[in-house]
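Residue numbers (our numbering): 105 to 576.
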């Protein structure tokens, strides 16, 4: 009974509860729920009732049934994950970013003028946009004409849709000063919309680390200068975390930084990193070359002058919640092989890109294209490399050549839409996304797309819909 009201039924004692639980954990990586049967039963009971079922077996069969099951799993994920977050969460860490970490990353990249940052478990986008605000307000002169890429990923698609809209309620901005609000947002009633200049260079994508490999060029998860993976580690078991952290290290360039929540530090997990202590914060640096030095400036004006103090959480306030990303073990040797690479050896290109040697990857792509001019896969990879170099027009040209060579090359249509969107050509981007979805309609939703690093037809369709929603 709940508040004196008898439940219509209960899943306690259902013989298929454990198989259902294991299926959901395997699909999402949420091992947080492995020893929380009470919480999980509450979630399952709500969803089983909502879809008109009465037992775990029928619900498990629904989740495994194809598109309908994928949609219900998304709905369940929304219930299992909590997206409450706010701008400039943990001021000590952002002070360390402003004073040392970002200056170090900028100094390391001054020869090619690129900066890449990943917000893993980005929730509704507050963290990714906080980084954008920090870069564009406090490093505007240093980063003039730079190619800045901030990638936010999450397993919760509804969070990603909200992140792409860049609209926030008052509670999410509770730590932002009036000066910053006026400079970075426009207000309509209780909704604050981020100004376009702070959305520039920020993108969001669905990525399920329980199923998709990383580093991955196709998922744009490679060669980062900074990765933020904060307030989510509680969801995962030790084995999963060990693999996650190892793969995130591979996603960082030499000298890159990994930032986790202030209560998530673990000496064993981060033993392959150089540990750097700041006032009120700890960061981890990949230091293959010189583990004893940080190259950039170590002191800048304090960030706290720009932002209001955070209110102390109270019971009456909305509960402070956790960001989320799901994971499973994926080492380099476990990376799924491409179903089809068109006869092209992509290994060297991937290796160079993962290390951040984008110019060398560009040279290798050109060599391959010279010998296999009619292979659309080579042109797709070259387009992805050109995009990282900030050569958007050339990237567009490479994608159009790939489509000319194979009109049904669905990934080329999708990435063409993304490139056109970044160039501000929204009408053409809409058409490319429309073409993408038309091609996807002809394919089985559970089929993995060739050369996609594990994306299924259904997942690419969801990504495309998200981009269409952002354009609207």
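No residue lacks a Cβ here, since even glycine has one placed at the ideal position from N, Cα and C.
Opposing strand residues paired with residue i [DSSP bridges]
i: residue 385; result: 382
i: residue 310; result: 258
i: residue 218; result: 251
i: residue 469; result: Residue 469 pairs with nothing; no bridge assigned.
i: residue 128; result: For residue 128, which the question treats as bridged, DSSP gives no partner whatsoever.
i: residue 290; result: 297
i: residue 596; result: The structure shown does not extend to residue 596, since the chain is modelled only from 105 to 576, so the question has no answer here.
i: residue 560; result: 552
i: residue 364; result: 333
i: residue 224; result: 257
i: residue 320; result: 325
Burial state of residue i, where buried means 16 or more other Cβ atoms lie within 10 Å
i: residue 125; result: buried
i: residue 508; result: exposed
i: residue 172; result: exposed
i: residue 231; result: buried
i: residue 236; result: buried
i: residue 425; result: Summary for residue 425: the model assigns pLDDT 31, below 50, so the residue's position carries little reliability; its value from the coordinates is reported in the next sentence. Exposed.
i: residue 468; result: buried
i: residue 276; result: buried
i: residue 185; result: buried
i: residue 330; result: buried
i: residue 303; result: buried
i: residue 492; result: buried
i: residue 295; result: exposed
i: residue 123; result: exposed
i: residue 88; result: There is no way to answer for residue 88, as the model of the chain reaches only from 105 to 576.
i: residue 283; result: exposed
i: residue 577; result: The structure shown has nothing for residue 577, since the chain only spans 105 to 576.
i: residue 478; result: exposed
i: residue 563; result: buried
i: residue 342; result: exposed
i: residue 338; result: exposed
i: residue 116; result: exposed
i: residue 390; result: buried
i: residue 457; result: buried
Three-way DSSP call (helix, strand, coil) for residue i in this model
i: residue 458; result: helix
i: residue 269; result: helix
i: residue 297; result: strand
i: residue 548; result: coil
i: residue 569; result: helix
i: residue 148; result: helix
i: residue 357; result: strand
i: residue 302; result: helix
i: residue 234; result: helix
i: residue 373; result: coil
i: residue 331; result: strand
i: residue 579; result: Any property of residue 579 remains undetermined from this structure, which presents the chain solely from 105 to 576.
i: residue 325; result: strand
i: residue 536; result: helix
i: residue 246; result: coil
i: residue 142; result: helix
i: residue 135; result: helix
i: residue 521; result: helix
i: residue 153; result: helix
i: residue 479; result: coil
i: residue 159; result: coil
i: residue 116; result: coil
i: residue 529; result: coil
i: residue 392; result: coil
i: residue 283; result: helix
i: residue 495; result: coil
i: residue 450; result: coil
i: residue 541; result: helix
Cβ-heavy atom distance, residue i to the ligand MN, below 7 Å
i: residue 492; result: You won't find the ligand MN in this model; it holds no ligand whatsoever.
Whole runs of the alpha helix (DSSP H) within the region 162-221, excluding any shorter than 4 residues: Fully enclosed alpha helix (DSSP H) runs of no fewer than 4 residues occupy 171-184, 195-200, 206-212 of the region 162-221, in order along the chain.
Any 3 or more C-beta pairs closer than 8 Å across the region 557-571 and the region 312-323: Flag = yes, the region 557-571 and the region 312-323 touch.
Cβ contact check for the region 328-345 and the region 220-229: 3 or more pairs under 8 Å: Contact between the region 328-345 and the region 220-229 is present: 3 or more CB-CB pairs across the two stretches fall below 8 Å.
Contact between the region 350-362 and the region 153-170 (3+ Cβ pairs under 8 Å): Contact between the region 350-362 and the region 153-170 is absent, because fewer than three Cβ pairs lie under 8 Å.
The region 244-264 / the region 306-320 touching (three or more Cβ pairs under 8 Å): Output reads yes: the region 306-320 touches the region 244-264.
Meets three-Cβ-pair contact criterion under 8 Å: the region 560-573 and the region 518-538: A contact exists between the region 560-573 and the region 518-538.
The region 187-205 touching the region 131-144, judged by at least three CB pairs closer than 8 Å: With a cut-off of 8 Å, the region 131-144 and the region 187-205 do not count as touching, because too few Cβ pairs lie within range.
contact_flag[the region 368-388, the region 343-351] where n(CB pairs < 8 Å) is 3 or more: Three or more beta-carbon pairs separated by less than 8 Å link the region 368-388 to the region 343-351, which places the two stretches in contact.
Given 8 Å, three or more beta-carbon pairs between the region 381-388 and the region 198-206: Between the region 381-388 and the region 198-206 there are three or more C-beta pairs closer than 8 Å, enough to call the two in contact.
Stretch pair the region 451-469 + the region 486-503: three plus CB contacts closer than 8 Å: Below 8 Å, enough C-beta pairs join the region 451-469 and the region 486-503 to call them touching: three or more.
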